[in-house]
Structure formats: C-alpha cells, structure tokens
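Colleague: Just so we're aligned, residue 0 is where the sequence shown starts under numbering that gives the first Met the number 0, counting upward by one.
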Amino acid sequence: MVRRFLSLPLWQLTTLALVLGVGAGLLVGDAAGPWLGPIGDVYLNLIRMVVAPLVLFTIASSVARLGTGAGVARLGARTLAWFAVTSLLAVLVGLGFGHLMAPGSGLVGLPMGEVRPREIPTPVEVLVGIVPTNPFAALAEGRILQILLFAALVGAALAALGERTAGVRRLVDEGAEVVFRITRWVIRLTPIGVFALIGEVVGTYGLDSLLPLGKFILAIYAACLFHILVVYSGLLKLHGLKVARFFRGAFPAQQTAFATSSSLGTLPVTLRQTVERLGVPQPYAAFAVPLGANVKMDGCGAIYPAIAALFIAQYLGLELSLTQYVLIGLTAVLGSLGTAGVPGTSIVMLTLTLSTVGLPLEGIGYIVAVDRVVDMVRTATNVTGQMLVPVLVAKEEGLLDQAIYDGRAEGALAPASDGTLVPAE
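(1) Would you mind stating whether I302 and V92 have Cβ atoms separated by less than 8 Å?
(2) How far does the alpha helix (DSSP H) with K394 in it reach, from first residue to last?
(3) Just how far apart, CA to CA, sit R187 and L9?
(4) Considering only the alpha carbon of each residue, which of V325, A151, A51 and M386 lies closest to T273?
(5) From L138 to I58, what does the alpha carbon distance come to, in whole angstroms?
(6) Under 6 Å Cβ to Cβ from D417, same chain only, skipping five residues before and after it: list those, please.
(7) In whole angstroms, give me the CA-to-CA distance for V467 and A156.
(8) Considering Cα atoms alone, identify which of R271, G97 and L353 is closest to V426.
(9) Check for me: the alpha helix (DSSP H) holding D40 runs from which residue to which?
(10) Where V382 and L160 are concerned, what is the direct C-alpha to C-alpha distance, given to the nearest angstrom?
(11) Leaving out five residues before and five after A89 in sequence, what residues of the same chain have Cβ atoms less than 6 Å from its Cβ?
(12) Closer than 6 Å by C-beta to G362: which residues in its own chain qualify, once you throw out the five before and the five after it? Chain order, please.
(13) Compare the C-alpha of L351 against each of G364, V369, A331 and F194 and name the closest.
(14) Which first and last residues belong to the alpha helix (DSSP H) in which K214 is found?
(15) Let's test the definition: count the other Cβ atoms within 10 Å of the Cβ of S260 and tell me whether it reaches 16, buried, or not, exposed.
(16) Closer than 8 Å by C-beta to A31: which residues in its own chain qualify, once you throw out the five before and the five after it? Chain order, please.
(17) Following the continuous alpha helix (DSSP H) through T182, name the residue where it begins and the one where it ends.
(18) Ignoring anything shorter than 4 residues or poking outside the segment 272-297, list the alpha helix (DSSP H) runs there in chain order.
(19) Looking at T255 and A292, is the spacing between their C-beta atoms short of 8 Å?
(20) Mind reading off the beta-carbon distance from G278 to Y404? Whole number of angstroms is fine, and I expect it under 8 Å.
(21) Counting C-beta neighbours from all protein chains within 10 Å, is the total for A408 16 or more, i.e. buried, or is it exposed?
(22) Is it buried or exposed, R163, if we count other Cβ atoms within 10 angstroms and call 16 or more buried?
(23) When every heavy atom of the ligand SAH is checked, does at least one fall within less than 7 Å of the C-beta of L196?
(24) Is the separation between the beta-carbon of P294 and that of A150 shorter than 8 Å?
(25) Could you tell me which of R183, T265, L349 and I38 sits nearest to R47, measuring between CA atoms?
(26) Give me the Cα-Cα distance between D370 and R276, rounded to the nearest whole angstrom.
(27) Expressed to the nearest angstrom, what Euclidean distance is found between the alpha-carbon atoms of L126 and I143?
(28) Can you give me the C-alpha to C-alpha distance between A221 and Q253, rounded to a whole angstrom?
(29) How many whole angstroms separate the CB atoms of L12 and P190, which I take to be in contact at a CB cut-off of 8 Å?
(30) Within 10 angstroms of its Cβ, does Q401 collect 16 or more other Cβ (buried), or is it exposed?
(31) At the level of alpha carbons, what is the spacing between Y314 and L94?
(32) Going by beta carbon distance, what residues of the same chain come within less than 7 Å of E424, once the five residues before and after it are set aside?
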C-alpha cells in the first residue's frame with residue numbers, strides 16, 4: 000500500500016498534502032507554528048539552495064548554446080513584450096474586480112497594522128544594481144538578477160570563443176545536469192513541504208481572523224483565478240494550444256508557488272515543468288523563466304496593487320480620477336521592471352502605486368494582516384505567467400516541442416554531446 004501511495008504522480012501527492020495540511024492546521028491551531036514551521040523552513044531552504052547554482056549553470060549553458068546575434072535579441076525582445084502585454088491585461092482584471100466587488104465599501108473600524116516604510120529604488124539605481132561588483136558575492140547572497148547577468152556574459156563568451164573553450168562548455172553543461180539532478184531530488188520532497196507550509200499558515204491565522212477582510216481576500220482570489228483561467232486560456236487558444244495540457248503541465252509549479260509564496264523558491268519546479276511538460280526548449284526556457292521570476296509579477300505587481308489601491312480609496316471614501324486609473328496601469332506594467340530584485344515585491348509595488356496616484360501610504364496598514372494569505376494566490380498567478388510567456392514565444396518562434404506539450408512524448412530534455420537537446424534517461 001505504501002509503495003502504491005508513493006507511486007502516485009507528484010501533483011496528486013502534493014494536492015493530498017495540501018488538503019491534509021489545511022486539516023492539520025485547523026486541528027492543531029497555534030501549535031502548528033512550532034511543529035510544522037521548522038519542517039517548512041527546511042524544505043524552503045533546500046529549494047532555495049539550488050536556485051543560485053541553477054540560474055548560473057543553466058543560463059550560461061543556454062546562452063552558449065543559443066549563441067549570439069539577432070535571433071537571441073529577437074527572443075529577448077518578444078519575451079519582454081509579452082511580459083508587458085500580460086501585465087497590462089492583469090491590471091485591467093484587477094481594476095475590473097476592484098470595481099465589481101468593491102471590497103473597501105461599507106467597512107468601518109479596521110485595525111491598523113504596522114507599516115514598514117519601503118525605499119523604492121530609482122531606475123538608475125536598479126540598472127546599476129544589476130551589475131555585480133563581485134559575482135561570487137552575488138552567488139553567496141542569492142542576488143538572482145546579478146547572477147543572471149554574469150551567467151549570460153559567461154555564456155556569450157563561451158559562444159564567441161567556440162571550440163577554444165570546448166572543455167569549459169562541457170563543464171558548464173555537466174554542472175547544469177548535476178544541479179538538475181539535485182533539483183529533482185528536492186522536488187520529490189514537495190508534498191512534505193506543502194503539508195508543513197499550508198498547515199502553519201492555516202494554524203497561525205485561523206479562519207476568524209480573516210473575516211473582517213474576507214471581501215478583500217475574495218476579490219484578490221477571484222481576480223487571480225479569472226486571470227489564470229480566462230485570460231491565460233484565451234491567449235493559449237489564440238496560439239492554437241490546448242488549454243488543458245498547459246494547466247496539467249503547470250499544475251505542480253502552481254501548487255509549489257501557492258504553498259511557498261515565492262517565485263524564486265518555485266523556480267526549480269517552474270523551469271523543470273516548462274521544459275519537461277510544456278515542451279519549451281531548455282536553452283530558451285533557462286533564460287526566460289529565471290528572468291520572469293524576477294520581473295514577471297502579474298499577481299503581485301498588477302492585480303494586487305490595483306485591487307488594494309481601490310480598496311484603500313473605497314475604505315477612505317476617496318474618488319479616483321481617470322488619470323489616476325491610467326497611472327495605476329502604467330505603474331503595474333513598468334513597476335515590476337523598476338523594482339526587479341527588490342525583496343517584498345508586492346508591498347513595494349503597492350507603495351509605488353499609492354505614491355503615484357496620491358493615496359495615503361498608511362492605507363497599507365489596513366490590509367497588511369492578511370498579506371501572507373493573499374500572497375499564496377498572487378504567487379501562483381506570477382508563476383503561471385512565468386510559464387505561459389515562454390510557451391507563447393516558443394510557439395510563435397517555431398521552437399515549441401509540440402509532442403511534449405501535447406503529452407505524446409514524456410521526459411526531460413538534456414544536452415547531448417553535439418549540443419542538441421534529447422530526451423533524458
């Protein structure tokens with residue numbers, strides 16, 4: 000029986016773990032923190048452990064294999080364009096649900112939580128901060144954008160030098176394989192991690208503490224689910240892709256994102272599913288997915304700030320002008336790029352949005368208490384978009400492995416001796 004249970008697909012085990020975690024949290028209550036918290040922390044530490052080496056080796060290997068020139072620039076430009084388009088659609092969804100559900104109307108006497116001031120970097124500071132003064136320090140401190148830039152430069156140098164660096168290229172490819180193997184071992188622990196993380200959240204917050212802001216929570220969840228199930232599905236259909244196949248491939252990453260509330264923590268799972276189940280070639284996916292994990296935030300950077308801004312305006316009885324709505328949209332589309340790599344993206348984006356449209360920053364204190372609860376669905380939305388865009392671009396560029404996407408071919412893709420991608424053993 001145990002062997003049959005463990006042979007279930009990972010997504011089924013993770014779903015069961017999520018349900019059991021909710022039950023355990025409700026049953027144990029506050030004791031879930033001391034008991035389940037350390038287990039969840041160990042899982043998060045394990046999955047974060049592989050993020051920096053994963054980005055370093057996969058980006059360097061992928062850029063070296065993609066080469067240099069107009070093709071790479073076109074892929075990058077198209078990827079960023081789709082990031083912007085889907086972010087714009089996300090903020091429109093957020094504004095729509097904020098108006099439709101009016102989560103801030105009719106509320107009185109909400110407690111004010113602690114609002115920690117967030118320093119928003121200027122675009123120049125962000126640009127300067129992307130360039131590492133010491134790449135080894137960037138690796139040690141987990142500065143993903145700096146690692147990404149350094150790895151891309153290494154890959155470009157390997158591509159430019161060609162056969163003169165064949166040994167280094169082979170070492171980088173083998174390093175990527177080693178990290179992928181470690182990643183697969185860690186991913187197998189996902190059900191345990193999900194059980195502990197969900198159990199801790201439910202036990203810590205309980206259901207009673209969520210009631211005063213229930214309408215706000217419901218608005219965030221409804222908007223995110225609409226964006227995932229309707230907007231993303233529409234884009235897939237416009238590209239002639241089967242919607243069910245995409246969500247079947249994306250589901251494990253969505254589950255992990257929901258439990259961990261971390262796009263970077265989910266990155267190993269996201270990259271694996273994008274390559275192995277959605278058919279995006281590893282060289283391109285290894286570039287686009289880590290980039291998206293830093294700048295593609297439909298949930299945290301678009302839907303959430305839009306609804307939260309409307310909530311605060313409605314609660315305070317303030318009317319927003321058309322100009323303010325336009326500013327919310329522009330902030331959502333451009334803000335994620337401007338705050339890339341800054342910790343606490345959702346609060347930073349909300350601070351930026353409120354500052355831009357002239358709403359009081361103190362309003363954040365009314366909703367900060369439920370931030371962890373809404374962060375789960377925000378992150379799941381982020382990660383879904385981070386997988387969707389590479390699939391759309393790969394389809395447009397003729398790079399998508401349709402057999403893998405349609406489920407007619409299974410297994411991971413690994414680099415062969417000649418540099419091509421073949422099914423892994």
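The beta carbon of each residue, even a glycine, is placed where N, CA and C say it ideally should be.
Modeller: Inspection of the coordinates gives the following:
(1) yes
(2) D370 to E395
(3) 7 Å
(4) M386
(5) 14 Å
(6) In this predicted model, D417 has a pLDDT of only 40, less than 50, meaning its place in the structure is not dependable enough to derive any value.
(7) In the structure as shown, the chain begins at 0 and stops at 424. Residue 467 is therefore absent and cannot be evaluated.
(8) The chain is shown from 0 up to 424; residue 426 falls before or after that span and cannot be answered.
(9) A31 to M48
(10) 35 Å
(11) H226, D297, A301 and I302
(12) I311
(13) A331
(14) G213 to F225
(15) buried
(16) A23, G24, G198, E199, V201, G202 and T203
(17) A165 to I186
(18) 281-294
(19) no
(20) 4 Å
(21) exposed
(22) exposed
(23) Ligands displayed in this structure: none; no statement on the ligand SAH is therefore possible.
(24) Sequence check: residue 294 is Val here, not Pro. In this structure, A150 does not lie closer than 8 Å to V294 by Cβ.
(25) T265
(26) 32 Å
(27) 14 Å
(28) 16 Å
(29) 4 Å
(30) exposed
(31) 16 Å
(32) Because the pLDDT of E424 is 39, which lies under 50, any placement of that residue in the model is unreliable, and the number read from its coordinates should be weighed accordingly. Around E424: no qualifying Cβ.
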